[in-house]
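Single-structure report; data block below.
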Amino acid sequence: MTGRDLVFALLGVVAVGAGLLVVTTRQLVHAALWLVVSFGALAGCYLVLTAEFVAWVQVLIYVGAVVVLLLFGIMLTRAPVGPSDELDSGNRWAALGVAAGTAALLVTVLVMGFRGTRLNDAPRCAAGASCPARANGSAEHLGEAVFRTWVLPFEVLSVLLLAALVGAIVLSRTDLPTPLRKGR
Amino acid sequence: MLEIVVKLVLVAAAFAVLPLLVGQIEHKVMAHMQGRLGPMYAGAFHGWAQLVADGVKFVQKEDVVPAAADRRIFKLAPAVALVPYLLVLLVVPVGPHGQVAVDLGPGVFFALAVMGVGVIGAIMAGWASANKYSLLGGMRVAAQLMSYELPMVFAASSAAMAAGTLSLPGIVEQWRWYWLPWQAVGGVVFFVAGLAELRRPPFDMPVADSEIIFGPYTEYGGLRFALFLLAEYAGIVVLCALTTVLFLGGWKGPFLDDQLGWLWTLAKVFVLAFLVIWFRVSYPRLREDQLQKLAWAWLVPLSLAQLALTGILKVALG
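Structure below.
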């Protein structure tokens, strides 16, 4: 077990522990803040796996935007200081089952897909020079993979996001004729 | 090893001194723009020690946490607001040939991501104070961040595209004088969006003192309030430094780039900081709807146009 394995395991423990606190805490805003810790630890895991670009994008999108959006939503509706009792749902055992099932599925897929794959250690990028193309997590490597091999799924995802964006605009506009807003 | 220690000490020193310097300049520049003298007594010569005196005053004050507040979050918030700016300074290059504390591959994304985290401190403060004005302020901080983060990232991406690298020193290496007209729109969008993210006037809706009594910071006093103030000025330094590095050529100047690089960087940073102060004195506060409109109807389309322009020229010339 190398130092890297140890750090990775510790970060994983932090991520999972914070994730558990997200669903068990009785304070709504604390749940969102524990989510920050969980996402941060996850970004740390990516860093250990040399996926620097993914790690910082994870922080930028999930900590910087998604959690801020969540906090905004919570504060806009109801954000009492102190514990609230109605945060427990009767579905919690079903939810636990679904969570365990999802985790099992994901772990199986990851293990089957990547068992035996070793990290390709690339030297750290020198100042100004571009990273060697085969560094696993470098922006160059990711960009090549996304825009050469996986360009079709990427574009399909873009169309999905565009559809969601148009939908949000239609829902929020008040100056459209009513039939359009009802979805014709 | 020694080199790294020296660099870290230098960054810590810059983090301690530059924000105070910007604060002092703000006192004096604002005063002179408004036909007053500003601080004149502390430290004898033109009030140079005013902020040191303020700091001593803040430290002496009682540490108060409101009874209804969420104590832990309330106490943690100033640190969450301040520390990210220190981390960003680590990746800002001041001169050529590795005059940067940490040279990260995707440095642009690191800087933007970590700056976004700082805003969570203000949101935490707004919520944990258990004060309706603070809560309103916190919500406005969140709304402002969400609208201005997008054009800021787009504008920064434009500079990264033009340079063909995500590393901050790499971007300065690639910088040429014709970037000034080419990336002008991106630079303006980045700077304006950054001002909004820092909640500086005219984008100070979340802290509007005459309306919601300083928003998230209403309940703060003493050292914790001082930390929030320090975070604001550190934010100005970081924003000006990033604008310098991404759009104004960092250490490149008219002559002696290699020897005087750090001086060019500092000069550009302070010119931009002067602009920030000038904006504060010149423009009235934007209303919330004007603020959102500026972001979505102007900055986002402009930054997208800049991205397109960068891409077209890059392909045509490259």
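Respectively, the protein sequence lines represent chains D and F.
Using the numbering used here, the letters of the first sequence correspond one by one to residues 1 to 184.
Using the numbering used here, the letters of the second sequence correspond one by one to residues 1 to 318.
Here a beta-carbon is modelled for each residue, glycine too, at the ideal position from N, C-alpha and C.
- F:A113 is the residue among F:R140, F:A113, F:A81 and F:A77 whose C-alpha sits nearest the C-alpha of V91 (chain F).
- Shown here, G116 (chain F) sits in a helix according to DSSP, grouped into three states.
- The beta carbon of E155 (chain D) sits no closer than 9 Å to any beta carbon of chain F.
- Secondary structure within the segment 29-84 of chain D: the alpha helix (DSSP H) runs of 4 or more consecutive residues, fully enclosed, are 52-58 and 67-77 (chain order).
- Only buried fits L11 (chain D), as 16 or more other CB atoms lie within 10 angstroms of its CB.
- Closest in alpha carbon position to G137 (chain F), among F:F203, F:M1, F:V185 and F:A226, is F:F203.
- Membership of K293 (chain F) in the alpha helix (DSSP H) is indicated by the continuous run E288 to K293.
- Contact of V68 (chain D) with chain F is assigned, a C-beta pair being separated by under 9 Å.
- Residues of chain D whose Cβ lies closer than 7 Å to the Cβ of P206 (chain F) do not exist, since the nearest Cβ in that chain is about 12 Å away.
- Contact holds between the segment 208-220 of chain F and the segment 122-135 of chain F, because three or more Cβ pairs, one in each stretch, are under 8 Å apart.
- Distance between L275 (chain F) and L51 (chain F), taken at the CA atoms: about 21 Å.
- No Cβ-Cβ contact shorter than 9 Å links A32 (chain D) with A18 (chain D).
- Bounds of any alpha helix (DSSP H) do not take in P284 (chain F), whose DSSP letter is neither H nor E.
- Listed along the chain, the chain F residues whose CB falls inside 7 Å of the CB of G64 (chain D) are A113, G116, V117 and E149.
- Cβ contact annotation for A295 (chain F) (same chain, cutoff 6 Å, sequence separation greater than five): S147 and Y148, in chain order.
- In this chain, the alpha helix (DSSP H) harbouring V166 (chain D) covers V151 to S172.
- DSSP places Q24 (chain F) in the helix class (H, G or I) of the three-state scheme.
- With a cut-off of 8 Å on Cβ pairs, the segment 246-256 of chain F is in contact with the segment 178-190 of chain F, counting three or more such pairs.
- For G19 (chain D), the enclosing alpha helix (DSSP H) has its first and last residue at G3 to T24.
- Interface criterion met: the Cβ of A142 (chain F) is under 9 Å from a Cβ in chain D.
- Identification of chain F residues near E52 (chain D) by a Cβ-Cβ cut-off of 9 Å yields L104, G105, P106, F109 and F110, ordered along the chain.
- Any Cβ of chain D closer than 9 Å to the Cβ of V153 (chain F) would place that residue at the interface, and such an atom is present.
- Contact between M115 (chain F) and V238 (chain F) holds: their C-beta atoms lie close to 7 Å from each other, under 8 Å.
- The Cβ atoms of V22 (chain D) and L6 (chain D) lie no closer than 9 Å to each other.
- Between the alpha carbons of P169 (chain F) and T244 (chain F) lies a distance of about 12 Å.
- Per DSSP, the unbroken alpha helix (DSSP H) holding L86 (chain F) starts and ends at R71 to V91.
- Residues of the segment 81-101 of chain F with a C-beta less than 7 Å from any C-beta of chain D: G98, listed in chain order.
- Distances from the CA of V22 (chain F) to each of F:K314, F:W48 and F:K57 were compared; the closest alpha carbon is that of F:W48.
- Beta-bridge analysis with DSSP links Q99 (chain F) to F:G95.
- Measuring C-alpha to C-alpha distances from P19 (chain F) to each of F:A234, F:W298, F:A68 and F:V6 identifies F:A234 as the nearest.
- Within the segment 177-232 of chain F, the complete alpha helix (DSSP H) segments of 4 residues or longer fall at 179-182, 184-198 and 209-212, listed in chain order.
- For T165 (chain F), no alpha helix (DSSP H) encloses it, and the DSSP letter there is neither H nor E.
- Between I120 (chain F) and V57 (chain D), the CB-CB gap reaches or exceeds 9 Å.
- Burial check for T108 (chain D): the Cβ neighbour count within 10 Å stays below 16, so the residue is exposed.
- Within the segment 70-89 of chain D, L71, F72, M75, L76, A79, V81 and G82 place their CB atoms closer than 8 Å to a CB of chain F, listed in sequence order.
- In terms of CA proximity to Q27 (chain D), D:I74 leads the group D:F147, D:V16 and D:I74.
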